[in-house]
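Below is one structure, written out as structure tokens; comments come after it.
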Amino acid sequence: MLLEIKDIHVHYGKIAAIKGISLEVGDGEIVSLIGANGAGKTTTLKTISGLRPLTSGSILFNGADISRMPGHKRVVAGIGQSPEGRGVFPGMTVQENLLMGAYTRKDSLDADLAEVYELFPRLNERKNQFGGTMSGGEQQMIAIGRALMTKPKVLLLDEPSMGLAPMLIAQIFEIIKEINKRGTTVLLVEQNAQQALKLSDRAYVLETGRVVKSAPGPELLDDPQVRAAYLGGH
Ligand code: ATP
Numbered sequence: 002m003l004l005e006i007k008d009i010h011v012h013y014g015k016i017a018a019i020k021g022i023s024l025e026v027g028d029g030e031i032v033s034l035i036g037a038n039g040a041g042k043t044t045t046l047k048t049i050s051g052l053r054p055l056t057s058g059s060i061l062f063n064g065a066d067i068s069r070m071p072g073h074k075r076v077v078a079g080i081g082q083s084p085e086g087r088g089v090f091p092g093m094t095v096q097e098n099l100l101m102g103a104y105t106r107k108d109s110l111d112a113d114l115a116e117v118y119e120l121f122p123r124l125n126e127r128k129n130q131f132g133g134t135m136s137g138g139e140q141q142m143i144a145i146g147r148a149l150m151t152k153p154k155v156l157l158l159d160e161p162s163m164g165l166a167p168m169l170i171a172q173i174f175e176i177i178k179e180i181n182k183r184g185t186t187v188l189l190v191e192q193n194a195q196q197a198l199k200l201s202d203r204a205y206v207l208e209t210g211r212v213v214k215s216a217p218g219p220e221l222l223d224d225p226q227v228r229a230a231y232l233g234g235h
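Start counting the sequence shown at 2; every next residue gets the next number (this note's numbering).
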């Protein structure tokens, strides 16, 4: 397994947000976390990337225990994150935003920058425009592109479809599939369970800080409980 999360507990002060989650992500997979608001999806991603500390449990990456490793070292190790809310630097150009993803790297960036521009031609067209003037969908592209510039082995995506028009949502999911096809493992958090399950090899359903179900994505699409709770009962 590329990523193994073993019985993690995470607190905000006295509040337990994650109450014993275990999950695995295999090399080359797309794995999704779905669940209602407050289920602990974002906190799980932040704990994997090192933005939140563990109370207990462990995180293994490539077989090594990274539970206490600082976040910036996890980036170097190969964990890239596109955060909820995107975090685009408004006063920097598109290209400067993308290069921020690579500030820990010392190797040549040209090939990776070219690949990001190939995946997102819109960013190429607007590389000198300020990030803050880009549309919501375009800022989402910047956030994903910036995470790709870290050259991740696993890409953590937090709500990439949030706030986007339906056509752009379809496009973002296509791009996620393409990124995966090119060799990057993906751990995806999504409110848009329908789309996420469709493209996921496997998925975990979270409820109040626990995993209540896990199965291949398409199987969960047909699960009556999942349909009723997360797919609008259709
Ligand atoms: P959403 O889709 O709304 O982001 P989520 O499944 O990602 O939901 P989290 O954001 O991980 O859920 O939240 C899990 C729990 O932790 C919730 O009960 C939330 O209120 C709590 N929580 C999250 N962030 C904080 C914080 N900064 N301070 C205190 N409690 C927090």
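Here a beta-carbon is modelled for each residue, glycine too, at the ideal position from N, C-alpha and C.
Bear in mind the structure is a predicted one, so any value in this text is a computation, not a measurement.
Is the separation between the beta-carbon of residue i and that of residue j shorter than 8 Å?
| i | j | result |
| --- | --- | --- |
| residue 155 | residue 3 | yes |
| residue 159 | residue 32 | no |
| residue 52 | residue 190 | no |
| residue 151 | residue 86 | no |
| residue 236 | residue 91 | Look at the range of the chain in this structure, 2 to 235, and you will see that residue 236 is not part of it. |
| residue 145 | residue 83 | yes |
| residue 188 | residue 157 | yes |
| residue 153 | residue 64 | no |
| residue 200 | residue 221 | no |
| residue 40 | residue 209 | yes |
Could you compute how far the alpha carbon of residue i sits from the alpha carbon of residue j?
| i | j | result |
| --- | --- | --- |
| residue 8 | residue 18 | 13 Å |
| residue 175 | residue 168 | 11 Å |
| residue 126 | residue 95 | 10 Å |
| residue 225 | residue 211 | 20 Å |
| residue 115 | residue 99 | 11 Å |
| residue 204 | residue 129 | 38 Å |
| residue 28 | residue 229 | 31 Å |
| residue 182 | residue 30 | 10 Å |
| residue 143 | residue 161 | 11 Å |
| residue 121 | residue 79 | 22 Å |
| residue 232 | residue 195 | 6 Å |
| residue 73 | residue 135 | 27 Å |
What residue range is occupied by the uninterrupted alpha helix (DSSP H) comprising residue i?
| i | result |
| --- | --- |
| residue 217 | No alpha helix (DSSP H) contains residue 217, which is instead part of the beta strand (DSSP E) from 211 to 217. |
| residue 43 | 42 to 50 |
| residue 95 | 95 to 101 |
| residue 55 | Counting along the chain, residue 55 falls outside any alpha helix (DSSP H), and DSSP gives it neither H nor E. |
Decide if residue i is buried, meaning its Cβ has at least 16 other Cβ atoms within 10 Å, or exposed.
| i | result |
| --- | --- |
| residue 206 | buried |
| residue 139 | buried |
| residue 45 | buried |
| residue 107 | exposed |
| residue 37 | exposed |
| residue 13 | exposed |
Looking at the ligand ATP, does it come within less than 7 Å of residue i, judged from the CB to the closest heavy atom?
| i | result |
| --- | --- |
| residue 195 | no |
| residue 16 | yes |
| residue 48 | no |
| residue 40 | yes |
| residue 192 | yes |
| residue 118 | no |
| residue 86 | no |
| residue 205 | no |
| residue 134 | no |
| residue 36 | yes |
| residue 44 | yes |
What are the boundary residues of the beta strand (DSSP E) that includes residue i?
| i | result |
| --- | --- |
| residue 165 | It is not in any beta strand (DSSP E) - residue 165 carries neither H nor E in the DSSP assignment. |
| residue 199 | Segment 194 to 200 is the alpha helix (DSSP H) holding residue 199; no beta strand (DSSP E) there. |
| residue 78 | Counting along the chain, residue 78 falls outside any beta strand (DSSP E), though it belongs to the alpha helix (DSSP H) covering 72 to 78. |
| residue 158 | 155 to 159 |
What do you reckon, is the C-beta of residue i under 7 Å from a heavy atom of the ligand HEM?
| i | result |
| --- | --- |
| residue 13 | Only the ligand ATP can be found as ligands here, which leaves the ligand HEM out of the picture. |
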